[in-house]
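One structure is given below, encoded as structure tokens.
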Amino acid sequence: MYLIRWQESILLNPLSDDGLYKIFFNILDIAAINAWVIYKEITGTKIKRLDYFLNLADDVQNNYVSSKTSGLSDFTDRPMAGPRGLQTVRPLKAPRR
27 MYLIRWQESI LLNPLSDDGL YKIFFNILDI AAINAWVIYK EITGTKIKRL
77 DYFLNLADDV QNNYVSSKTS GLSDFTDRPM AGPRGLQTVR PLKAPRR
């Protein structure tokens with residue numbers, strides 16, 4: 027099995043010279059590789075790392091991102107229980123210029 031070294035994973039993500047981006051993407055790469063290894067051990071299947079990463083990205087996009095964006099309309103014009111009882115949440119209006 028070929029493991030990606032830390033230096034190689036940083037070079038794969040040249041978004042910025044800022045070190046925080048490098049650290050973030052390195053942690054993301056390590057988490058995805060760990061998830062891939064655990065998945066292979068649990069299921070006993072042989073799946074390529076790239077295929078697993080693409081499936082993982084699709085699942086995150088379909089399940090997490092779509093649920094977050096579709097839920098935004100749920101917060102407008104409906105009663106909400108708060109510390110002062112039921113309140114109606116209204117959409118914000120753009121400021122006048």
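Under this note's numbering, think of the first position of the sequence shown as 27, with each following residue one higher. Just so it is clear, CB atoms sit at the ideal spot from N, CA and C, and this is done for glycine as well.
- The closest CA to that of Asp55, considering only Thr69, Asn88 and Arg75, is found on Arg75.
- If you draw a straight line from the Cα of Thr71 to the Cα of Gln87, it comes to about 24 Å.
- The beta carbons of Ala58 and Leu82 sit about 6 Å from each other, so the pair counts as a contact at 8 Å.
- Put simply, the backbone Cα of Ile73 is about 10 Å away from that of Val63.
- Collapsing the DSSP output to three states places Thr71 in coil.
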